[in-house]
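Notes follow the structure.
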Amino acid sequence: MTEIRTSLRSPLRSPLFSPLVGRWIKPNPFSLFQYSVNFVAGTTVGGTQPYGNNNNDGRFFRDPSNVTATYCPDATGKLISLGAAGLRRTTKGHFDYTSGTNSILWCRDWTNAVWVASNMTAAKNQVGADGVANTATLLTATAANATISQGFTIASAAKVFSVDMKRVTGTGPVLMSLDGGTTTTDVSSLLSTTAFTQVYVASAAVTNPNCWVSLVNSGDQITADFGQMCVPSISGLNIPTQQRYLTTTATIINSQSRPNAAVTDLGPLAAVGAGYFAFFWQGRSERPTGGFVITGSTGIFCSVNVDGSVRFSANAGTSTSSAGVWLTGLNNVNKVAGYFTNSGAIKLACNGNLGSAGTGATTTPALDHFDLGTNGSGPNSIMGINEIFSMSPNLTFSDADLIAMTT
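So the sequence shown is numbered by the working numbering: it starts at 53 and just counts up by one.
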């Protein structure tokens with residue numbers, strides 16, 4: 053009998069073939085990344101990301117900037133105490149905000165003499181925004197137009213005054229001011245009786261500010277916690293930081309938290325960044341322009357342009373999305389994915405918008421580190437939250453994959 057041979061192979065021999073649908077099945081593009089860290093879930097692929105210390109143990113990112121204990125909200129809004137080392141991470145993600153100084157003294161204890169009250173009583177007997185008993189202050193109006201304030205001798209500059217506040221009783225206006233009540237903002241519509249809300253007022257320039265809160269109706273009560281007055285470090289971005297700085301007798305200069313992958317560390321990501329790679333990032337930003345998703349020491353950058361477009365560059369090669377695709381605010385999620393190859397091709401997508409097809413991209417062998425969502429001293433900070441970052445060497449995606457990954 054003559055044996056008949058065929059060059060055709062059974063499709064069942066391929067793990068990418070489905071006998072149910074009879075066609076090739078494309079793998080989930082996210083599964084192709086060699087390294088991934090999910091700051092929200094606290095999980096990793098291909099490596100580790102411990103928190104609470106800054107050991108050089110092979111983790112993806114170390115934090116050379118965090119030297120100050122602080123509080124950041126988790127996914128439920130509860131403030132979590134975070135130490136003075138390692139990345140600032142809660143179940144909301146990693147907090148990427150610039151450093152700053154809280155000038156308010158006794159920011160949780162409004163019974164202290166630095167707070168001047170009129171027709172108002174203060175009692176430190178409330179559960180705080182961190183869920184700990186007797187850490188926040190109950191403010192009660194004993195007459196109409198009750199006030200409490202703290203004044204400062206500070207040169208003219210932009211200022212933001214914020215308080216974690218909760219309504220206890222009453223329905224009257226709750227006013228805040230940076231100039232002792234001359235200019236006021238009613239924040240009562242933002243308040244809840246069941247949860248703290250970070251309310252704030254901002255001024256483009258104020259000399260010798262006076263942080264002032266007023267309960268207009270007699271008998272009204274609020275809980276106040278974590279009063280902060282900071283000078284915004286990003287010009288024109290007058291918003292409160294999500295990092296709360298605890299003060300008592302002295303002001304606190306709070307450092308930023310900076311995810312840093314360096315070649316001098318034992319982690320794998322800096323070496324990936326020096327070669328051809330693909331990446332995916334997901335996060336939230338309160339900064340409409342000027343933030344950097346990736347800041348390399350040289351050569352490698354992914355940034356938000358003044359028109360709201362997003363740009364990925366590998367030396368001379370660049371890919372840029374359409375204008376206005378970047379979303380601002382902590383209620384909005386941004387997704388960015390990109391790659392560049394040994395042929396010089398480079399491409400990104402942001403929020404489902406495919407960027408231009410760039411050429412001339414090259415590796416950066418001299419790259420000694422890159423930062424995620426910020427840079428060394430913070431001017432590139434996204435002022436927001438890193439949620440997911442994935443990276444892999446020598447990986448590319450189709451246009452359809454880039455769009456799907458970022459939609």
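Ideal Cβ positions, reconstructed from N, Cα and C, are used throughout, including at glycine.
- By the neighbour-count criterion, in which a residue is buried when 16 or more other Cβ atoms sit within 10 angstroms of its Cβ, Asn446 is exposed.
- Per DSSP, the unbroken beta strand (DSSP E) holding Ile398 starts and ends at Ile398 to Cys402.
- Between Thr341 and Leu419 the beta-carbon gap is near 25 Å, outside 8 Å, which marks them as no contact.
- When the alpha-carbon of Phe449 is set against those of Asp423, Gly430 and Lys399, the nearest one is in Lys399.
- Burial of Leu227 is indicated by the presence of at least 16 other C-beta atoms within 10 angstroms of its C-beta.
- Annotation: Thr393 to Thr415 spans about 9 Å, alpha carbon to alpha carbon.
- Take Gly145, set aside five residues on each side of it, and the residues of its chain with a beta-carbon closer than 8 Å to its own are Phe91, Val92, Gly335, Arg336, Ile437, Asn438 and Glu439, in chain order.
- Taking the Cα positions, Leu424 is about 45 Å away from Gly222.
- Every beta strand (DSSP E) of 3 residues or more that sits fully in the stretch 77-103 is shown, in chain order, as 87-90 and 95-97.
- Exclusion of the five residues before and after Ala326 leaves Thr415, Thr416, Pro417 and Leu419 as the residues of its chain whose Cβ lies within less than 7 Å of its Cβ.
- Listed as beta-bridge partners of Asn312 by DSSP are Arg114 and Asp423.
- For a cut-off of 8 Å, the C-beta gap from Ala401 to Ala389 is around 6 Å, short enough to register as a contact.
- Closest in alpha carbon position to Ser374, among Ser395, Thr187, Phe364 and Asn405, is Asn405.
- Looking at the DSSP output, Asp231 shares a beta bridge with Asn262.
- Arg310 sits close to Asp115, with the two beta carbons spaced by under 8 Å.
- In the DSSP assignment, Ala452 falls outside any beta strand (DSSP E) and lies within the alpha helix (DSSP H) extending over Asp451 to Met457.
- Asp231 counts as buried, since no fewer than 16 other beta carbons sit within 10 angstroms of its beta carbon.
- A residue is called buried when at least 16 other Cβ atoms come within 10 angstroms of its Cβ; Thr128 does not meet this threshold and is exposed.
- Excluding five sequence positions before and after Gln178, the CB atoms of its chain that fall closer than 6 Å to its own CB belong to Ala188, Leu190 and Thr275, given in chain order.
- Judged by DSSP secondary structure, Val324 falls outside any beta strand (DSSP E) and instead within the alpha helix (DSSP H) spanning Leu321 to Gly325.
- Per the C-alpha coordinates, the member of Gln202, Thr143, Pro125 and Gly135 positioned closest to Gly180 is Pro125.
- When secondary structure is reduced to three states using DSSP, Leu242 falls in the helix class.
- Comparing alpha-carbon positions, the option among Leu379, Gly381, Thr380 and Ala368 lying closest to Ser395 turns out to be Ala368.
- For the 8 Å CB-CB criterion, Asp216 and Phe248 form a contact.
- Rounded to whole angstroms, the gap between the alpha carbons of Arg141 and Val220 is 30 Å.
- Beta-bridge analysis with DSSP links Pro125 to Leu131.
- Put simply, the backbone Cα of Val356 is about 33 Å away from that of Pro261.
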